[in-house]
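If you're matching positions, the sequence shown starts at 1 in the UniProt record's numbering and goes up one per residue. Only one structure is covered here, and it is reproduced in the block below.
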Amino acid sequence: MFANTIQPGIISLFSSTGGHPLELFAVHVDDALPEDSAVLLLNDSEIEPKAPPPTTLIRPPALRKASESPQASSRDVLEEGYTLCHTVLHIQSPTLRTTYIRCPASSDTDLGIRLPRMHVQVRSLGRAFSLEVGVVDVSGVHGSVRCSTFQKEPNVSTSHTKRPPVLHLPLCFLDFNKHPLTSWTTISLDLAALITQFTVLSRKSSSDSEGDENLAQPAAPFPSPQFASVSYVKVYANCRLRRIWFSNSRTVNSDELPWEFKLYSSNS
């Protein structure tokens, strides 16, 4: 998609406030659980978001107890934290693997984005959540980086088919015990650094399994430590999504970002 284009220092892949936010994405929803599974756009500040029947949307978790509110008028703000004055994408389902968005829509197409830093503006819904990005090394070898809130330790899983290896990483949202002002956060992944972990963790796994003669070798090779491009992005349930973008090797602070990339609260 982007491989043969001149790529600027920042590429926005998804914006929930755009004219057609999911134009480049495939949307998958678990049809077996219509009451609990949904992918739809809504206003983040709505207290009771509506969804087509029979779906019942879950609300983001409270950041603190209502009893901690110093003023009754600010109770809603303190319970759920500061919300956005934006339309956002709401993704929910008890089954993560069947409810997600993916770009490119076709698995036969690669994004070809060469910028090594990925940023995701996301809000926790207090349930299991996972996101995944495909990486490609300079030799064209593919791998997947999957970040999940239920993952305890980093590891690499392989398949005995030709499916690319997966680097599993634990993901932790804000600690609500520290009383954050909002449950919105920006996840930033340095893909050029993470691609090196395929080799590191596979060596550790091989060392731990040394002497096991029954251990089959993976069919697909591991990507080398030299990052080349991004092949795809998948965001699974459960979250609210504002934006996905990529940047070059420099760390992009808030002063360098375009104004539309920043998060604006709906609470006065």
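From the three backbone atoms N, C-alpha and C, an ideal C-beta is built for every residue, glycine too.
### Message
So within the UniProt domain "CFA20" (224 to 264), which uninterrupted beta strand (DSSP E) runs reach at least 3 residues, ignoring any that extend past its ends?
### Response
If only uninterrupted beta strand (DSSP E) runs of at least 3 residues are considered, those enclosed by the UniProt domain "CFA20" (224 to 264) are 227 to 236, 239 to 247.
### Task
Please work out which residues of its chain come closer than 6 Å, Cβ to Cβ, to S12, disregarding the five sequence neighbours upstream and downstream, and give them in chain order.
Within the sequence shown, the letter at position 12 stands for residue 12. Only W245 meet the Cβ criterion.
### Message
Using 8 Å as the threshold, is the C-beta distance between F2 and A105 below it?
### Response
Position 2 of the sequence shown, counted from the start, is the residue given in the question as residue 2. Position 105 of the sequence shown, counted from the start, is the residue given in the question as residue 105. In terms of Cβ geometry, F2 and A105 do not form a close pair [threshold 8 Å].
### Task
With DSSP collapsed to three states, give me the class of Q197.
In the sequence shown, residue 197 corresponds to position 197, counting from 1. Q197 falls in the helix class under three-state DSSP.
### Query
For the 8 Å Cβ check, are there 3 or more pairs between the region 180 to 199 and the region 95 to 110?
No, they do not touch.
### Alpha-carbon to alpha-carbon, T149 and C172
Within the sequence shown, residue 172 is the residue found at index 172, counting from 1. Within the sequence shown, residue 149 is the residue found at index 149, counting from 1. Cα-Cα distance, rounded: 6 Å.
### Message
Going by DSSP in three states, S69 sits in which element: helix, strand or coil?
### Response
On the sequence shown, residue 69 is found 69 positions in, with the first residue counted as 1. With a pLDDT of 49 at S69, under the threshold of 50, the modelled position of this residue cannot be trusted; read the value that follows with caution. In the displayed model, S69 falls within coil according to three-state DSSP, outside both helix and strand.
### Query
G9 and S229: beta carbons closer than 8 Å?
Here residue 9 refers to the residue found at position 9 of the sequence shown. Here residue 229 refers to the residue found at position 229 of the sequence shown. No Cβ-Cβ contact shorter than 8 Å links G9 with S229.
#### Entry: Which listed residue (E132, C103, A38, P225) has its alpha carbon closest to that of L89
Your numbering for residue 89 matches position 89 in the sequence shown. Comparing alpha carbon positions, the residue from E132, C103, A38, P225 closest to L89 is A38.
### Query
Out of curiosity, what's the CA-to-CA distance linking T186 and S139?
Here residue 186 refers to the residue found at position 186 of the sequence shown. Here residue 139 refers to the residue found at position 139 of the sequence shown. The straight-line gap from Cα to Cα measures roughly 31 Å.
### Query
Does the region 121 to 132 touch the region 51 to 66, meaning 3 or more C-beta pairs lie closer than 8 Å?
Contact holds: three or more Cβ-Cβ distances are below 8 Å.
### Task
Have a look at P180, E256, V141, F129 and flag the residue whose alpha-carbon is nearest the alpha-carbon of K234.
Taking the first residue of the sequence shown as 1, we reach residue 234 at position 234. Among P180, E256, V141, F129, the Cα nearest to that of K234 belongs to F129.
### Unbroken beta strand (DSSP E) run spanning L169, endpoints
Taking the sequence shown and counting its residues from 1, one reaches residue 169 at position 169. Unbroken beta strand (DSSP E) run through L169: 166 to 170.
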